[in-house]
């Protein structure tokens, strides 16, 4: 039972490279397989946290591993979208560049302040993840961006601002902080430091 969360994270890591392979070498005929792998990856992301909490092994090591695997997983879908339809992705480069800049800022600010990467698993970040799922469904499945892509960009911007505020508000690094509001409460000593609100 205690190994299952790690196996789920490993499966998502491997899935990312399978997605890259299918997008680059197989192309449009692999669209349905890429989508299936995307939804499989999301399920592993949901259940690794649930099982880890049930088994009592939701540690800093596990949460950091989960966060970095998530990053690789979403990047693989972004590259696969580009391989399948480069013109579409290039046409949306402004929004994509903004998200990359915000993601980089989160890492820079966290490493500058705490000496390690961010691992907040905040509520808005989870909402952004759902919007990414929808956006990639449209990008890969229907070869279009539209409102789903715009929603993902907007939520991505908001969620990254929230993460940066969490980092700035916290006096010391910690994982699983639901929002900048909770970070401020932690800083003021009004909430216990280890949150079990999210997986």
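Residue numbers (my numbering): 118 to 316.
A virtual CB, placed ideally from N, CA and C, is assigned to each residue, including glycine.
Sequence-distant residues of the same chain with beta carbon closer than 6 Å to residue i, five excluded per side
i	result
residue 240	295, 296
residue 118	172
Same chain, Cβ closer than 8 Å to residue i, neighbours up to 5 away in sequence not counted
i	result
residue 189	130, 133
residue 262	205, 208, 209, 252, 255, 256
residue 266	209, 212, 252, 255, 256
Of the listed residues the options, nearest to residue i (C-alpha basis)
i	options	result
residue 126	168, 150, 141, 149	168
residue 216	208, 237, 264, 272	272
residue 245	161, 187, 299, 306	187
residue 338	274, 153, 154	Past the edges of the chain, shown from 118 to 316, lies residue 338, and the structure says nothing about it.
residue 214	270, 163, 260, 162	270
residue 166	156, 175, 243	175
Simplified DSSP assignment, three categories, for residue i
i	result
residue 267	helix
residue 229	helix
residue 295	coil
residue 303	helix
residue 236	coil
residue 145	helix
residue 209	coil
residue 290	coil
residue 135	helix
residue 185	helix
residue 243	helix
residue 312	Reliability of the predicted coordinates at residue 312 is poor, the pLDDT of 44 falling under 50, and the value obtained from them is presented with this limitation in mind. Reduced to three states, the DSSP call for residue 312 is coil.
For residue j and residue i, believed in contact at Cβ under 8 Å, the rounded distance
i	j	result
residue 227	residue 284	5 Å
residue 223	residue 281	6 Å
residue 292	residue 237	7 Å
Residue-chain proximity (residue i, chain B), Cβ-Cβ < 7 Å
i	result
residue 293	Protein chains in the displayed structure number just one, and chain B is not present.
Same chain, Cβ closer than 7 Å to residue i, neighbours up to 5 away in sequence not counted
i	result
residue 137	193, 196, 197
residue 220	277
residue 145	201
residue 128	161
residue 164	125
task: State whether the stretch 177-185 contacts the stretch 230-240, with contact taken as three or more CB pairs (one from each stretch) at a distance under 8 Å.
output: yes
- request: May I ask you to verify whether the stretch 199-219 touches the stretch 248-255, counting CB pairs closer than 8 Å and requiring at least 3?
  value: Segments in contact, no.
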